[in-house]
Every structure is written in structure tokens, then in C-alpha cells.
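J.:
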Amino acid sequence: MSVPFLTLLLPPLLAAAGALVLPPRRRAAGALHAALGLVPLLAALRLAALVLDGWTPTWGPTDLFRVDALSALLAGCVTFVAALVALLGPGFGREEHYTPSQVRRFRVFASLFAFTMLVAVTANNVGVMWIAIEATTIASAVIVPLTVSKASVEASWKYILIGSVGIALAFVGTVLGYFDFVTLVGRREYALNWTVLMANARVLHPPVIELAFVFILIGYGTKAGLAPMHTWLPDAHSEAPSALSAMMSGVLLAVALYAIVRWRAVVNAAVGPVFSDRLLIGLGLLSLGIAALSLVIQRQYKRLLAYSSIEHTGLMCLGLALGPLGVFAAMLHLVNHMLAKSMMFFLSGRILDRYGSPEISRVSGLLRVMPWTGGLFAAGMIALLGLPPFGMFLSKFTLVRAGFAGGQGWLMAAVLALLAVAFVSLLAHLNRMLYGAAPTGVRQGEGGGWGVVPLVACAAALVVLGLAVPAPVMELLERIVEIAGR
Amino acid sequence: MSPWLLGPVQASVALLLAPGLVGAVRWMKARLQNRRGSPPWQPYLELRKLFAKEVVVSNNASWLFRAAPFIVFGSTVAVTLLVPLLAVPLPFDGAGDLVVVVYLLLLGTFFLALAGLDPGSSFGGMGASREMTVAALAEPTMALAIFALAWGAGSTNLGQIAFRTLATPSEALAPGHLLAFAAIFVVTLAETGRLPVDNPATHLELTMIHEAMVLEYSGRYLALLEWAAALKLLIFFTLLGNLFVPWGVAVTLTPGALLWAVFTLALKLGALGGAVALVETHIAKLRLFRVPELLSASFILALLAVTASFLL
Amino acid sequence: MRALFLLLVAGYASGAAAALVLGTGALARWASALGAIAGASAGLALAAGACVWGAAFSLDAPDLLGVVGGMAFRLDALGAVFLALTSLVAAPSALYGAGYSRAWDGRPALRQVGFMLNAFLLTMSLVPLADGTLTFLLLWEGMSLSSYFLVMTDADKPEVVSAGQWYLAMTQMGFACLLGAFLLLQSGGPGSFADLRAAADALAPGTRDMVFALALIGFGSKAGLIPLHVWLPRAHPAAPSHVSALMSGAMIKMGIYGLLRVGLDLLGGGPAWWGGLVLALGAVSALLGVLYALMEHDLKSLLAYHSVENIGLITIGMGAGLLFASLEMPAAAALALVAALYHTVNHAVFKGLLFLGAGAVLHATGTRDMNRMGGLIRGMPWTAALFLVGSVAISGLPPLNGFVSEWLLFQSLLPGIGAPSPLVAVLMVLALGMLALTAGLCAACFVKAFGITFLAIPRSPEAEHAHEAAWSMRAGMVVLAGACVVLSVGAFKIVPRLTEVVAPLVGLPVPAPSFSVGWALQTPGGFARMSPTLVAAGLGLVVLAAWLAVKTFASRRPLRVGETWGCGRVVQTPRMEYTATAFAEPLRRIFAAFYRPSEDVSIDFHPDSRYFVQSISYHSAIVPWFERYLYAPVIARVRRWSERVLALQSGSAHAYLTYLVAALVLLLGWLVVTGQR
Amino acid sequence: MSPHLVSQLSVGGATLVLLAGLMMLWRRGVEAHIKAFTAQSVALAATTAMVGWFAGDWQLWAVAALLLLIKGIGIPILLQRMARRFGTERELEPYVNTATSLLVGGLLVLLAYVVTKPLVSVSQLPTRTGMPLAMGLVFVSLFVIISRKKALTQVLGFLMLENGIALLAVLGAHGIPIIVEIGVFLDVLLGFIVMQVFVYQIHETFESIDVEQLNRLRE
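If you read the sequences in order, they're chains A, B, C and D.
Here the numbering used here is used: position 117 in the first sequence is 117, and no number is missing along the way.
Count along the second sequence starting at 1, add 486, and that's the number in the numbering used here.
Count along the third sequence starting at 1, add 798, and that's the number in the numbering used here.
Count along the fourth sequence starting at 1, add 1475, and that's the number in the numbering used here.
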């Protein structure tokens, strides 16, 4: 049973070690790095297949690692984006302006970043999950200022400070949860295992577990970019190298949300859904509101995408609180958002390399200058706007349907209004980049052509999720609803 | 005489009477202004002359310029088949009602305006613009006046309205009818280009609306248009006469009744022509942008007519 | 029937594929056009099957979009009318498009136009067939998105991009309302329309009103009702002409279809204020639409505003229908709805024709500004004649179909005057007045549109050298012009069909009272009879007789061509002609209270004497009420909120940490407070 | 060791730790802050050892030793090096003057008491009485991070926050499982090292470690 776990967790470590040892410029190093990036993706798919066959593979002392449907889905997302980063990250494109040492530093810490996220997602032990998420902050913070500038240093300092403080509060919550369990059952080695907590959830004391959940929500909410703890996100994502911001926006927010879902299951089992729903709806609506309104006046496209991430995370958080169908929609939205947002950040990386300026006003005529990148950028925009044929239309529709079914009519009205505001602003900003005449002095033509191929795969996946969600994914999502949806 | 023959008879009677009516109105107006005036049958002479004269067409004009007179003349003659000129059981009553009459006249105005624009002279443009403005503003009044009449008579078909007023004489003096009569009288002045709205007698650029559109025409086309204008005046007078005061209209299709109908029709036309002549001698021409006030006054009259008709 | 459905989907799909694959030459243009025509004819056959022979058709595809209950299609009489209408406009437009899109040969835009046109036609044809919430909304969004891309074909002009943004933003607002309406109606239950009908009766009156209000906003914004019409005069002129013909002809009708489907079919009618509100909105849209159209001198935005006007007329009919249905007057309601449906079909045909004509003019002269056209009738005789047919039809003048549906509208308002409650009577009288005024102004507007564009002296070199449109463009227009005549002459056959469509909606027994007797149309209770066939025949006969009489009796002297009379000046120049702005000037002055025109005249005199003028430039603009007083304040307020929210991101790390801790303290406080109880 | 004595000792230890925290609010110089932090870490290690001795659990002894080694000695040495490096900068006036800081500190401790009331009532362990003080330290350290302008002081605030949580774990549940304990130590150490690197970077690019100047990224 240990083989899938090893093939999942080891390759990133090996990649990190390889990047340290091998000189980054050589093609062989790049190829090895890419190969090591793909292996965990296959492992994750293997694990998902196992889960679908009814297994819940566990591994390690006091079954430290356990993969159920939720973990399998998140592992799949993490490995997919990690593979993309390995393929398209710094050190590959011809228009590269990173020095070899920067490339090496990026590859080492990006692999570690992927490793920590994988551990966080597969850990059964809630304490280990916290440690892994704290480690993700540290690993990613190192490579936010890849090119040292006043802005990137400032962004990285705020990222590490707010991130660490937030995570510390999450640890307070974890300790309180453990404290509540210990006072009832006594100290056990496996006490912090999620399965054990779930089994004994009914026995926990309501006031203590509620207090713990408040800390958990504030802590992991900071990492998930929920308002009002979202302030680090626009700075970090706009200053970090695009590959890293793709990873952060795409999956790091999802991993933090995963942690909240895990604890929410425990709290719901102990106290019933009303308490956690009210908190999640509050924070979700606040994030949606702040993000949607912030989108109206934006000057830089990477910050625009960052705020859009806050908006979608707020939407997912809201979805979690709308009953089983809501959880289903939120998880589907999570996958869609991961695909769309990582694609958009990789594309913005290419645009930044070509146009040289992060300002929206300085980028125009994208469809004419880089037809493939422009086309995919437009497709990504339409996906983020939630229009068919892309997946987000379906997940948004199901989410709003869950809301109306749960009788939250007025809440859904507010959500739809805010989504409309976000829709108009996102459309206006990105249209200004796509159309119009190309500025003088910008080289025409696609440049590193094959770099776009994996992104086309992303777009294709989004269309598939939009028209007919494949059966295995459906099955996985239904399993998740059983785990986290009650 | 079979009902289907009544149509062409009515049309020919209308065609014969129309120029005479215009001549009579001009003659009466001259007499009121202490002038000898041209004899009432002068228009017949004009038509005969125009049909014989040579046609001069502008080099800017297109085929529409030459087709418009026929469409205008045709649509006006078609209306005479629907209007209860002589007898009430109209053969084509099923084919068209009062709304069709109004819209056929609007079709005529539409093509006349286009013909006015075609030669590209500023007079034609001005005439067309003002004619369409007046026609557009007159539409709501006609609509409401029709419905005031129709509501009282239980149908918008003209034969039915005339028949109902004949059957119940008290209807004729109902307030709804009187208000509708006044409203349609004002619209007649506007539509047929009589004095307060447009001066039929002069060619002064500032005042003419109808004349400006036919300025470019000559020869047989001008004859057709003049004849159509006269016919339009006759139709409006017939509407005023035979719908509101239908006595004298033949109910059975015997030659005696028809002759009597022609006589009473001539009498009514004379009376209405005298009324118009009186109005024209006492009122000066309104400035174009005061015409909408006149038409809105008639709209209010029609509105009151409708409310009066369904309130009582 | 299923084969026809598959042929429809296959036709459009093959057209779309052809546009993508076959490069950017004539082959691609024709292949995609033929695909579209095949799809359209299949659609027409399908509709005819359902409408005329009453063959039922339904198809469930549970695996497609399985996650949310799968897609379901069902064709009933109401859907068949709109499918027929879409296909009737789609075939000629596609034929026309083949010739018209030569302008994009060799450019990627041709692929975009070809593909998106077929996608747009496919989604639009399937909308009336949708039988489930998700199917309907997905196709609805697909239709809006594909038409957005069609509007954005030549997106290098900034006003086209802003038009596209206005369009997609407004459509999205509408979609949000529709989403709310359908999901409120569904309230958690399964999504098929049959279930919705069942659920509708169980709904509380408050929810029903909310559902109807949301549906009215959603469908009203797609149809272009005032005040949700702002995107229409921006998007239609920006789109290629055959696309504007489709959007004006068929797409905005989907708004009408939606209202009928939700208002009458799903909700089964409602209180009187529903009908009253719709009637009022229709009357206002009609009048304001034509008033705005009068002031336009861009041919395509003039036609776009006329779409708003005609949608207003249709909505008057629909409002009257809803009102009568709620006042238990089924026959009057049926007549009103038949009038509305008939005008929907008529408008699709003649508006399509007019837009294709405008496209031909734009293609020939390269400009849309009427003040630079004139005298095109010489260079483009076919287009001029066909545009004239369209103008006569849209102005509601007798021989053509516009008159028939406007006559029906008039007659359908009449029973309302005798309605029990005085408020309804007053509303009907006012609607009647506004309807008549709109008809009059529409005639005036189209005298301006046709006269200034086609007649008199060309005002610019492009107008002078205008050449006739390609044969495929003319063929498209001829088909539509023929349809105008057939729809008028064949009215007595069409009205009974429409009555069968409308009867179930207002609860009339199936063998519904047909509103036609022999060749004439008859309103309920024999109130009024009119036979469009006889009127057209009679008019033709009389005109022919007059022509023959004149030919035989009048003099046979040859026609002499001379100079236009101009009080003795030397030469007739185009500057002496009336322009579009001048033509509409009296009406601008009469309706000044509404327009509030601002005119600025700048005269620069001859250098050496004040009495000689070198040039005068005259510019007048009217107040855009809705943009300035409804949309601008909303946008400004959202921007102000945005600035306030962005102040949160002040840049100081301490502030950020304070937010975090404040959130923690607040939640703890809330926990402690709720903990007490 | 009678339970009563243990609760006495644990409250005493917790008070010592909290007092060291409050020292940060009171004193202004960086060296004083580092000395306070070191004292706090030593007190924390002692308390952990005491509880470990009472519960007879060897893991707590190991934790106490680790605490002493890393937080008592290792980190203060690094901090001293940083202080010498940036010590020359003039002292910055914090957002809140000392009097109000102490007042707010007191209020936060009160809030901690209110918040941890349900915890104390639920637990049967003798060391439960010290828990409100641990939670108080958590809130005080949060306030330190917010109110102090120097990056170095913010790092110290973060380290104190970790101490507060460790104390809470020890008093509340006699320490958490050893794997997690080691992981937490590793995280804290790595986190500190990365923060240290960033402080050097800030100093390099901004010529001072005043976080006030980091306000370039707006909107």
C-alpha cells in the first residue's frame, strides 16, 4: 500500500535535490525536473482510482497518511498544477530573464512547496496537516522575491508575516481541538487523527469546539485569502513569478480551504451545521463583496487575477455552507477555478515577458500580437466570467441552485449582484488588453510556441467539465459530499 | 342593380363630384371675400388641360417619381369603394373598415412625401417633412375618433356605423358623436391642407405644405395628384356627412333611392364646403409650430369623445 | 420529427465546422452559409411539422450535462412559432452573409464570423425547444455569448469594443434575473418545465410576483424594452449587417418567447397588474423607440431603435393579452396574443429585410451616415426597391404585412375600453393613442430613412459611385420581401394557426374560435372585419386601372427631362437638399420637452467682411435620458464603493494585521455573547 | 507532587511567561526585548519540565530540553547578531505609547480569561488554571506585532506567539504528540530563519527595517 504514497511524495523531494545538484541551464536538468514533476500526477490518479474502487489507502505509523475522496481530489489538483509549473516554470521559455541561480532557487523551493502541499492534503493527522501548511508558507515565501525589488520584498515580508500569524492562530485552534479530545478520552498517540476526531465528534464539548473552529477559520482563512485576512494576497500574487502565483492562486488557496472543510466536518458532527454555516456565509459574502468591488478599479492585470481568486474563494466558502448540493458545487468550482486561474497566471507570465509592463493600459492588441496566447487568455476570461461552455457556468449554476433550494433567496440575490459587478469589471479590463492596435515596438508572433500546448490542455479540460462532467469525477464529488457534506 | 356594381358607380360619382367640390369651395370663398372668383367648374377645365399638356420630369428624379402619382391616386380611389357615399349595404364592407380607410390615406401621403423628396429640391424636402409631421400628429386623433364612433355603433365597419345611426336617430346627437365630429373636422383641415394648417391657394414657400410636394410635377401626373387631393377632400366630407348625418343615404339599391342619395350627398358636400369656406375666410394661417397645439386640441376632443361614448 | 431535429443540429454544426476548417476563402464562406441554410430549412420543417400537423416532438439527453440533471427538449406550438420565425430569418441572412462577408476574406475574422454565426443560430433555434431550466439557461447564455462574439468581429474600432461590453454586461444582468426567476420557481425541485408548471401553483403569491418581476427584467433586457434597451442601439450597428438582421429579427424575439413561456405557460397568468405593467412598458417603449429613431442619422442605429419600437408594439399586444386573461376575457386575450405573435413574425421578416438592405448600402458606400448618402436608387435599383418594400411594411401601410398586425393590435385594444374597471379602460385609451402616434411617427421616420438614403442627389462621392449588391445578398432580400407579401396576403390562413398556438395559453377550448372568415379577419363578436387579401388586390386593381386609363386617354407626348426648378439659380447642388437632421427638425422642435435638444451653430465669416460666410457647422444633440439619469449614477456609485473598499488595501502591514486581529476579536466576542444564552 | 502544588507552580510559571511578554510592551530598546524573550523561553522550559515531571512523561522532558536549547539559547544568539547589525538605527516611536499599550495588554488578558472560561470548566487537569494566562500571552503578542514598527520587533512578537501556544498546549493537554511537537519546532525555526533573511533583505533595499516604509503596494 506504500507504493502510491512513495511515488506521490518522493519525486518532489528528489526534484528539489536534483535542482540543487545539477546546473540549471543544461537541458538534461530541465527534462529531469519536468519528468519528476509528472510522476506525482500519475500517482495521484492512481490513488484516485484506488479510492473509487472503495479503498481508503493509509500509510505510515499510526496511519499518519490517509487518502479519501477529498484528499484524492486535492492531490490531483496539486499535482496537476505542480506538473504545469515543472513544465512551464522559469528556466524553459526562450525569453528567459532569470539568472541560473534564480532558476535553481525557484526549482528547489517550488518542488518543496509542492511536497508540503501534498503532505498537507494526504495527512490524516491534523497536527501534521498544520505543520505542512505552515511549511508551504515558508517554502513559497522564499521564492516570492525571486527578482529582488522594493515591491517584491515588501510583498514577501507581508506574506510571511500575515501568513505566519494567521497559521499560528490555526495552531491555537488545533491545540484547543486536541485539548477538548484529551479531556474526554485521555492522551492517545493517534489522538490528532482526523478519523478519530470524526468518530468521537459527538462527544466533544460544544463551547470548546466552537472556540477552536473560530481560531481554525481565522487561521486557515488567512491562508485561503478570505476577507478580512486577504490583504496579503494581491501583493504576493502580483509580485511573485507567474508560475508561483499560478500555484498559489490555483491550489494553495484550495489546500487551505481543504483544511477548513476537514475541521468543518468535525464541528458539524459535534455541533450541527448551523454554527459553521453562519460563519462560512459571513466570511464568504464579505470576501465576495470586497473582491468584487475591488475589481472595479484595477491598473495591473496580475492584481486583477489575484482579486478574482479572492472572489472565487469567497464563492466556494459560501458554497460549503449551502448544504450537500452546495458542497458539491463548491468542490466542482474548486477544480474549475484551479484550471482556469493557473492557466490565466501562466498566460499573464507570457504577456509580462512580451509587453514588459504589468499595467493593463500598456497591453493592447493581444489577439493580434500573440494569437494563441490571446485566444487562450480570452477563453480563460470567459471561463472566469462563468459563461458556457466552460465548467464555471455549471458550478456557479449549481451553487446558486443550492442556495435557492436552501431557501437563501436574498443571499443568492446579493451573490448574483456582486458577481455581476465582478463580471462587468473583469470584462472591461481584460477586453482593453485583448482588442485594439498593438503598441509599437512589441514583437509580433507566438514566441515559445509549444509552451502554450499544456495550457490548451487546461482549456480543453475546462470545456469537458463544462459540457459533460466525466463519470469518475462525478463519483469522486459524490463521495466528497458524503464525507464533508452532512 | 347588383351590389358589386355599386362599387364602381360610387367611385365614378366620387371622381366626378370631387373637382366640382374644390371649385365650389374656392368659388364660395371668393364670394365671401367679395371677389367674383373663378366658376365652380374651373377645376374640370384645369384637369382637361393638364391631361393634354406635356410632362417635364427632373433629371434627379427616379422611377418612383413617375410611379407615385398612380399609387396616390389609386389608394384614394380605393378608399371611395369603402366609404358609404351613396348606399349603406356596401359591397366591400367586409374588406375594409375605418382603420383601413385611414391607413390607405396614410399610404397616399407616404408616397406623396417620397415623391416630394425625389427631385432633390429644398421645397420638396420641406413639404415632405412638414406633411409627414402633420400626418403623424393627426394619427392619434383619427384613431380615438374612430373608436368613439365604433364603440357607439358596435363595429368599426363604415356601413355598420351608418346603418346603426340610421336605425337609432338619438345616437346622432349623443355627446360622443358631436365631439368625434369636431375632432374629425379639425383633422380634415389638417389632412387636406386647408387654411389654418396649410394655405391651398398660394405657392408661397413658407406657407405651403401640400403644394411644395407637387411643385415638380407637370402634365398628367400633376392632374392625377390634383384629382387625388380633391378626392381626399370629398372622402373626408363624406365621412363627416354620411357617418354622422346619414339621412338620405340609400338603403335599397333602387335607381330612385340612388338618385336621391346623390342629391342629398351634393347638399351635404355643399354645406360642409360652405363651412370650410367660412372657416378659411375668418382664420389666418397658423405658424407651423402652433399646428401641434391645434392637433393636440383635437386629440383631447377625440379623447373626450371616447370617454363619453363608453361612459353613457 | 427526430430526424429533422438531428438534421437541424447537424446542419449548423457542419456549417460551424466548415467555417473553422476550410480556411478563409470563398469556399469557407459558402460552406458555412450552406450549412446554416440546411439547418434553417430543417428548423422550418420541424416547426411546420409541429405547428401545422401538430406532430409532438420531445428528446431527453440525460447524459449530456448529467451533473445537473441532463438536457431535455420538447417542441410545442408556442415554441414552433418562434423556431419558424428564427429559421425564416436565418436562411436568407446566411445566404446574404455568404456575399457580405467577402470583406473579411483572408483574415481570421472570417473564421470567427462563420463559426459564431452557426453557433448563434444553433443555440437560438434550440432555445424555444428547451424543456428544462438548465437546458434553457445554458442555451440562452450560449446564444448571448455567440452573438457577443459576432458583435465583436471587427473589434479594432473602440466603439465596437464598448458596444460589446455594454451588450454582454446587460445580457449578464438579464441572465442573473432569469437565474433567480427560474430557481425561485423551481425552489429545489426537479428542473423540467412540467415540474415547474406543477410547482407554480403551489407557490405563494408573493413569490409568483417576484418570479414574474425577475422574468420581466431578464427577458425585457433581452427584448430591448425601455429602460433596459441601452445595449440595442449600440450592439446592432456594431455587428455585421446579416448578424444585426438576425439579432433584431429573431434574437430579441426570444425575450418575447421567454415572457410568454414564463408568464402564461409556466405561471399560468397572474393578477391584473402584470398585464398592466407589461402594457405600460410596451407603450412607453414603442413611443420612445420611435422618438429616438427620428433623431438618428446613422441608418443602422435608426433601425435598431425601430426594433425597440416594434418590440414595444409586440409587448402592448402581450400586455393586453395578459390583462384580458386576468380579467377573464379569453377571446379578447387570444386576439391580443395573436396580434402580438403575428407582429413578432412580421417584424422578424421586414426588420431582417431592412437590416440586410442597410448592410448592402454600407457595403456599397462604406458609410452608415445618411447625411452622406442620397441618390442610391440609381446605382442600386434592386436594393432600393426592396428597402422600399421593407419601409412600407414597417410603417404598417396597407398592402403589406405590417398593416395586418397593426390592425390586429388596434382591434385587440378595443375590447379593453369596455372593460369593467375604469383604470384598465384609461390604460387602453392611452395605449391606443400612443400606438397611433407611434404608427404615424414610424411612417414619418421611414420617409426620412428611404428618402434621404436612396432618393435625390448623392451627397458624397461614395454615394455617387455606389454599385449594386452581390446577387447572393439580393437573393436573401428578395426572399424576405416575398415573405412580407405572403404574410399579408395569406393572413386569413395564418391567423387561425396562431390562434391554435395561443388558445391553450389563455384557457380557450382547443377548437379555438378562428379569427378569420373566408378571406377576411374577424375580431371576436364580429366587431370588425378586414381582408388584407381583398385590400391588396383592390389596391393593385385600381392602380392598374388608373395607369391604363391615363395611358389611353392622356396625351402620348414624349416625356421631357429638365432641370429641377429652383427659383432661377444656376445649378442644383447636393447641399441644397434636405438632410436627415433637417427632415426631423420640426419633430425635434415639437417634442423638445422630451428631447431637450442642445444645438450649437458655429459660423466663420469671410476674412474681409462680416457679411459673407465661409462655412457654417451645425451640431445638435439630444439628452440621452436613460444613460445619463439611470445608468451613469449606478456606475458612479459602484465606483465610489470600490474606491472606499480599495482604501482597505492601504499598503501598511500594520493595518492588515489589525484587520486580522479585529476579525478574531469580533468573532470571539460574538461567540462569547451567543455562548451566554 | 500533590495536584494542588502542581497547579500553584503552573500558574506561577505561566505568570512569569506572561510578565516577560508584557515587558516587551513596556520597554522600548531591542536588547531589552531580546532579554525578555530569552527569559520567557527559559520560564516556559521550566514549566514544561515541571509538568513533565508531574505527569511522568519523558516526552515533555525532551520538549523542555529542546525548548531551552533552541529558544533559550539558539535564537537569542541570532537575534543578538541582528540587533548588533541594525542596533544603530534610532529608536522609533511605536503606534501606541507605552501607557496605553500596557492598558490594552491588560484588557487583552481580561479578554483571554473570558474566552477561556469554558476551557477551564471542562478540563480536570490540575494545570488548567494556567491556561487563561497562556491565551493572554497569545493576545498580547498579537498586539505587539500590530503596534511595533520595527521588523525585528515583529519577529520577536511572532516568536512570543509561538511560546504562548506551546504553553497553552503544555498546560491544557500536557503537550501534544511528539511527532507534531518536533514538526512545530522545525516550522518555528525555519520560519524564524526565513524571516531573518527577509529582515536583512529589507534592510538592504530600504536602508532601514521600519515597516512603515513598506507601503508601496496599494489598491
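All residues carry an ideal CB built from backbone N, CA and C; glycine is no exception.
These numbers come from a predicted model, not from an experiment.
Label asparagine 1572 of chain D either buried or exposed according to how many other C-beta atoms from any shown protein chain fall within 10 Å of its C-beta, with 16 as the threshold for buried.
T.: As a working note, residue 1572 of chain D is residue 97 in the fourth sequence. Label assigned to asparagine 1572 of chain D: exposed.
J.: Name the two residues that bound the continuous beta strand (DSSP E) containing valine 1589 of chain D.
T.: The count along the fourth sequence starts at 1 and reaches residue 1589 of chain D at position 114. Premise fails: valine 1589 of chain D lies in the alpha helix (DSSP H), 1573-1597, not in any beta strand (DSSP E).
J.: How many angstroms separate the CA atom of histidine 663 of chain B from the CA atom of isoleucine 1215 of chain C?
T.: Position 177 of the second sequence holds residue 663 of chain B. Position 417 of the third sequence holds residue 1215 of chain C. Distance between the alpha carbons of histidine 663 of chain B and isoleucine 1215 of chain C is about 17 Å.
J.: Near alanine 838 of chain C, which residues of its chain fall below 6 Å by C-beta distance, leaving aside the five closest residues on each side in sequence?
T.: Walking along the third sequence from the start, residue 838 of chain C turns up at place 40. Within the same chain, alanine 838 of chain C has close Cβ partners Ser885, Ala888 and Ala889.
J.: Quick check: is the beta carbon of glycine 986 of chain C nearer than 7 Å to any beta carbon in chain A?
T.: In the third sequence, counting from the first residue as 1, residue 986 of chain C sits at position 188. So, interface residue.
J.: What does tyrosine 1675 of chain D reach in chain C if we use C-beta pairs closer than 7 Å?
T.: On the fourth sequence, position 200 is the one that residue 1675 of chain D refers to. By Cβ distance, chain C contributes nothing, its closest Cβ being about 17 Å from tyrosine 1675 of chain D, past 7 Å.
J.: Taking 6 Å as the limit between beta carbons, can you name the residues of its chain near leucine 1085 of chain C, skipping five residues before and five after?
T.: The residue given as residue 1085 of chain C occupies position 287 in the third sequence. Excluding positions up to five away in sequence, the list reads Met1232 and Thr1236.
J.: Let's see if you can read the secondary structure: which residues bound the beta strand (DSSP E) around histidine 1404 of chain C?
T.: Position 606 of the third sequence holds residue 1404 of chain C. Counting along the chain, the beta strand (DSSP E) containing histidine 1404 of chain C begins and ends at 1396-1404.
J.: Note down the Cα distance separating leucine 1154 of chain C from glycine 1194 of chain C, rounded to an integer number of angstroms.
T.: Translated into the one-based positions of the third sequence, residue 1154 of chain C becomes position 356. Translated into the one-based positions of the third sequence, residue 1194 of chain C becomes position 396. Taking the straight line from one Cα to the other gives about 19 Å.
J.: Proline 577 of chain B: which of B:Arg522, B:Gly645, B:Ala629 and B:Leu729 sits nearest, CA to CA?
T.: Here residue 577 of chain B refers to the residue found at position 91 of the second sequence. When each option's Cα is compared against that of proline 577 of chain B, the closest is B:Gly645.
J.: Of all Cβ atoms in chain D, is any one closer than 7 Å to the Cβ of threonine 1472 of chain C?
T.: In the third sequence, counting from the first residue as 1, residue 1472 of chain C sits at position 674. No - not a single Cβ of chain D is within 7 Å of the one on threonine 1472 of chain C.
J.: With which residues is leucine 873 of chain C paired in a DSSP beta bridge?
T.: The residue you call residue 873 of chain C lines up with position 75 of the third sequence. Per DSSP, C:Phe855.
J.: Given that glutamate 1656 of chain D touches chain C, what residues does it touch there, using C-beta distances under 9 Å?
T.: If you number the fourth sequence from 1, residue 1656 of chain D lands on position 181. In chain order: nothing, as chain C lies at least about 25 Å away.
J.: Are any of the Cβ atoms in chain D nearer than 7 Å to that of threonine 183 of chain A?
T.: What you label residue 183 of chain A is simply residue 183 of the first sequence in a count that begins at 1. It does; some Cβ of chain D falls within 7 Å.
J.: In whole angstroms, what is the alpha-carbon distance linking threonine 738 of chain B and leucine 1184 of chain C?
T.: Here the question's residue 738 of chain B lines up with position 252 in the second sequence. Here the question's residue 1184 of chain C lines up with position 386 in the third sequence. If you take the alpha carbons of threonine 738 of chain B and leucine 1184 of chain C, they lie about 46 Å apart.
J.: Cβ of arginine 1355 of chain C less than 7 Å from any chain B Cβ?
T.: On the third sequence, position 557 is the one that residue 1355 of chain C refers to. Yes - at least one Cβ of chain B is within 7 Å of the one on arginine 1355 of chain C.
J.: Determine the direct distance from the alpha carbon of glycine 284 of chain A to that of cysteine 317 of chain A, and round the result to whole angstroms.
T.: Here residue 317 of chain A refers to the residue found at position 317 of the first sequence. Here residue 284 of chain A refers to the residue found at position 284 of the first sequence. Their Cα atoms are separated by approximately 5 Å.
J.: In angstroms with no decimal places, state the Cα-to-Cα distance between alanine 29 of chain A and phenylalanine 918 of chain C.
T.: Here residue 29 of chain A refers to the residue found at position 29 of the first sequence. Here residue 918 of chain C refers to the residue found at position 120 of the third sequence. About 49 Å.
J.: I'd like to confirm the pairing. Which residues does DSSP put opposite valine 543 of chain B in its beta bridges?
T.: Residue 543 of chain B sits at position 57 when you count from the first residue of the second sequence. BP columns for valine 543 of chain B point to C:Val1359.
J.: Suppose contacts are defined by Cβ-Cβ distances below 7 Å. Is glycine 1611 of chain D in contact with valine 1584 of chain D by that definition?
T.: Counting from 1 along the fourth sequence, the entry for residue 1611 of chain D is found at position 136. Counting from 1 along the fourth sequence, the entry for residue 1584 of chain D is found at position 109. Contact flag set, yes.
J.: Going by beta-carbon coordinates alone, are alanine 1040 of chain C and tyrosine 894 of chain C separated by less than 7 Å?
T.: As a position in the third sequence, residue 1040 of chain C is number 242, starting the count at 1. As a position in the third sequence, residue 894 of chain C is number 96, starting the count at 1. The residue you asked about is not alanine; residue 1040 of chain C is histidine in the sequence shown. Contact: yes.
J.: The alpha helix (DSSP H) spanning phenylalanine 1535 of chain D covers which residue range?
T.: Numbered from 1 along the fourth sequence, position 60 holds the residue referred to as residue 1535 of chain D. The residue asked about is misnamed: residue 1535 of chain D is leucine in this sequence, not phenylalanine. It spans 1533-1542 - the alpha helix (DSSP H) in which leucine 1535 of chain D sits, taken as one unbroken run.
J.: Does any CB atom of chain B fall closer than 7 Å to the CB of arginine 1257 of chain C?
T.: On the third sequence, residue 1257 of chain C is found 459 positions in, with the first residue counted as 1. With 7 Å as the cut-off, arginine 1257 of chain C does not count as an interface residue toward chain B.
J.: Evaluate glutamate 1204 of chain C with the Cβ neighbour count: other Cβ atoms within 10 Å of its Cβ, from every protein chain shown; 16 or more gives buried, anything less gives exposed.
T.: Indexing the third sequence from 1 puts residue 1204 of chain C at position 406. Answer is buried; the Cβ neighbour count reaches 16.
J.: Can you list, in chain order, the residues of its chain whose CB lies under 6 Å from that of glycine 602 of chain B, leaving out five sequence neighbours each side?
T.: Counting from one through the second sequence, the residue named residue 602 of chain B turns up at place 116. Excluding positions up to five away in sequence, the list reads Gly610, Gly613, Ala614 and Met699.
J.: Going along chain C, which residues have a C-beta under 9 Å from tyrosine 1462 of chain D?
T.: In the structure displayed, chain D extends from 1476 to 1694; residue 1462 of chain D sits before or after that span and is not available.
J.: Of all the options D:Ala1537, D:Ser1622 and D:Ile1640, which has the alpha carbon lying nearest to the alpha carbon of aspartate 1685 of chain D?
T.: Here the question's residue 1685 of chain D lines up with position 210 in the fourth sequence. Cα-wise, what sits closest to aspartate 1685 of chain D is D:Ser1622.
J.: Using the Cβ count rule (16 or more neighbours within 10 Å means buried), how would you classify asparagine 520 of chain B?
T.: Residue 520 of chain B sits at position 34 when you count from the first residue of the second sequence. Looking at its Cβ environment, which holds fewer than 16 other Cβ atoms inside 10 Å, asparagine 520 of chain B is exposed.
J.: For a contact meaning CB atoms closer than 8 Å, what does aspartate 1662 of chain D contact in chain A?
T.: In the fourth sequence, counting from the first residue as 1, residue 1662 of chain D sits at position 187. Simply Ile131, Glu134, Ala135 and Ile138.
J.: Quick one, are the C-beta atoms of threonine 1513 of chain D and proline 1569 of chain D less than 7 Å apart?
T.: Counting from 1 along the fourth sequence, the entry for residue 1513 of chain D is found at position 38. Counting from 1 along the fourth sequence, the entry for residue 1569 of chain D is found at position 94. Going by C-beta atoms, threonine 1513 of chain D is not nearer than 7 Å to proline 1569 of chain D.
J.: Check the C-beta distance from leucine 751 of chain C over to phenylalanine 913 of chain C and give it rounded, since I have them as a contact under 8 Å.
T.: Nothing can be reported for residue 751 of chain C: it is not among the residues displayed for chain C, which extend from 799 to 1475.
J.: So isoleucine 1414 of chain C is in the alpha helix (DSSP H); what residue range does that whole segment cover?
T.: Sequence index remark: in the third sequence, residue 1414 of chain C carries index 616 (1-based). Not the alpha helix (DSSP H): isoleucine 1414 of chain C falls in the beta strand (DSSP E), residues 1407-1419.
J.: At a Cβ threshold of 7 Å, is valine 959 of chain C touching chain A?
T.: By one-based count along the third sequence, residue 959 of chain C stands at place 161. Closer than 7 Å to some Cβ of chain A, the Cβ of valine 959 of chain C qualifies, so yes.
J.: Here's a check: name, in chain order, each residue in its chain whose Cβ is nearer than 6 Å to the Cβ of methionine 392 of chain A, leaving out the five neighbours to either side.
T.: Residue mapping note: residue 392 of chain A aligns to position 392 of the first sequence, counting from 1. So the list reads Asn336, Ala383 and Gly386, once near-sequence residues are dropped.
J.: Residues of chain C with a CB under 9 Å from the CB of serine 294 of chain A: which are they?
T.: As a first step, residue 294 of chain A must be located in the first sequence, where it is residue number 294. Simply Ser1440, Val1443, Leu1444, Leu1446 and Gln1447.
J.: At the level of alpha carbons, what is the spacing between isoleucine 1401 of chain C and serine 1418 of chain C?
T.: Reading the third sequence from its first residue, position 603 is the one you call residue 1401 of chain C. Reading the third sequence from its first residue, position 620 is the one you call residue 1418 of chain C. Rounded to whole angstroms, isoleucine 1401 of chain C to serine 1418 of chain C spans 14 Å at the Cα level.
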